[in-house]
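S.K.:
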Amino acid sequence: MARAPMLQEIEDLPEADRLDGFPHPRAARHVYGHEGAEALLEAAFASGRMHHGWLIAGADGIGKATLAYRFARYLLADPAERTPGSLDIDPGTRAARQVLALSHPGLLIIRRGWDPKGKRFPATIPVDEVRRLKSFLGRTSEDGAWRVVIVDRADELNIAAANALLKSLEEPPARTVFLLISSAPGRLLVTIRSRVRTLDLAPLGDEALKRAVTQAFSASGEEVGSGMPSPSEWERLARLSGGSARRLIALHAAKGLALSDRIAALLDTLPKVDWAAVHTLGDELSGQAAEQRFVLFFELLMDAVARLVAAEARGEGSDDERALAARLIGPARLATWAGLWERVAAARAEAAALNLDRKALILDVFSRLGAAARS
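Below is the structure:
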């Protein structure tokens, strides 16, 4: 008899691409805003000449993983369970339940796995993770059965892992499909990109965004507590989300509007740095339990700096942003601030890779911002 607790055990394990309190994207029944991509995948399958490799690219949180798992369910389902012209598969089918539980023998997921000893995710996908392909692809499959490999995310492969994946992409077994998910396809090896078809997904429009967020909150049960954003919060959350359902949910769940206000207040005091407020923020975001809030903080900060640079360079943004940009940046410091954005992004990536102290990183970033505003 099947083990009933298995799904709960899997869902309780930390997953790099799952927000706290919400189901993993593979649990989503529908994908919104990408009907064209769905139709293309279904038509490619129906043609009988489907390409073996697909790169599903686009911004974080817009439905790339949801689409990949949806297509995986379709490919791994019994032929009688497929409906021509749609990727819909009943969630009660055996294939759908196995994909949700990550227990289908025809499915392999390559991703950054949770390190229970270090209690963290590695910064990259190591080569040992990709080497599991050898045994997976070497197994004999039933006649007519498909095998699906999902790499989430492909831009997180280290160089050895990327080269190992390339070998499998060059000579894939029959009826095998690779679904590479990437938010930064430019980081992939050119040779990998040349062996896959690219599906570029756009940020979600207002209606698709609302439907995707509603689906996530509906599936989350009572754990989230606060439920859907109120109408008064929605407009601002949608603007800050940039068309990303994941980001809007993270903003709401982590009180991101208040965090955005604190970042705006700190930027407004520049070139003077409110060190008391920065220390308080660093203390709040330095603990392991604040991982997702820390990530959200840096996303909001980097977006705020990018908007200021755009306001000064191209006159974009609100009146307040243009006024602040003129005061802090001005024509003379535009190159300095553009370079600052890149240096802060590099420092953030290095801190993540080396597991450096988060508070020290936050203090360093505001020291750089203050220096740039005074230069």
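Heads up: the sequence shown begins at 2 in the working numbering, then just goes up one per residue. We put the CB at the ideal spot given by N, CA and C, even for glycine.
Can you tell me whether DSSP reads residue 63 as helix, strand or coil?
M.R.: Three-state DSSP puts residue 63 in coil, outside helix and strand.
S.K.: Taking the CB atoms as reference points, tell me whether residue 214 and residue 268 lie closer together than 8 Å.
M.R.: Not closer than 8 Å, so no.
S.K.: For residue 1 versus residue 112, is the C-beta spacing smaller than 8 Å?
M.R.: Since the first and last residues shown for the chain are 2 and 376, residue 1 lies out of range.
S.K.: Which class does residue 152 belong to by DSSP, given the choice of helix, strand or coil?
M.R.: Reduced to three states, the DSSP call for residue 152 is strand.
S.K.: Using a Cβ distance threshold of 8 Å, determine whether the stretch 316–325 contacts the stretch 88–95, with at least three qualifying pairs required.
M.R.: Not touching, per the Cβ criterion.
S.K.: Assign residue 67 to buried or exposed, taking buried as 16 or more other Cβ atoms, counted over all protein chains shown, within 10 Å of its Cβ.
M.R.: Buried is the call here.
S.K.: Sorted by chain position, which residues of the same chain lie with C-beta nearer than 7 Å to residue 11's C-beta, five sequence neighbours on each side aside?
M.R.: Low confidence applies to residue 11: its pLDDT is 43, below 50, so where it sits in the model is not reliable enough to give any reading.
S.K.: In terms of alpha-carbon separation, which member of 120, 41 and 153 lies closest to residue 184?
M.R.: It is 153.
S.K.: Taking the Cβ atom as the reference point for each residue, do residue 295 and residue 309 lie within a distance shorter than 8 Å?
M.R.: No; because the gap between Cβ atoms is not below 8 Å, this pair is not in contact.
S.K.: Using 10 angstroms around the beta-carbon of residue 81, count the other beta-carbons present and answer buried if the total reaches 16, otherwise exposed.
M.R.: Looking at its Cβ environment, which holds fewer than 16 other Cβ atoms inside 10 Å, residue 81 is exposed.
S.K.: Would you mind sorting residue 1 into buried or exposed? The rule is 16 or more other CB atoms within 10 Å of its CB.
M.R.: Since the first and last residues shown for the chain are 2 and 376, residue 1 lies out of range.
S.K.: Is it buried or exposed, residue 95, if we count other Cβ atoms within 10 angstroms and call 16 or more buried?
M.R.: Residue 95 should be labelled exposed.
S.K.: Assuming residue 368 contacts residue 337 (C-beta within less than 8 Å), just tell me the rounded distance between them.
M.R.: Wrong, their Cβ atoms sit about 14 Å apart, outside the cutoff.
S.K.: As a quick exercise: from 208, 75 and 344, pick the residue whose alpha carbon is nearest that of residue 40.
M.R.: Nearest option by C-alpha distance: 75.
S.K.: How would you write the range of the alpha helix (DSSP H) that residue 338 sits in, first residue to last?
M.R.: Note, residue 338: alpha helix (DSSP H), 335–355.
S.K.: Do residue 307 and residue 342 have their beta-carbon atoms positioned less than 8 Å apart in this structure?
M.R.: Yes, the Cβ-Cβ distance between residue 342 and residue 307 is below 8 Å.
S.K.: Where does residue 15 fall in DSSP's three states?
M.R.: Coil at residue 15, not helix or strand.
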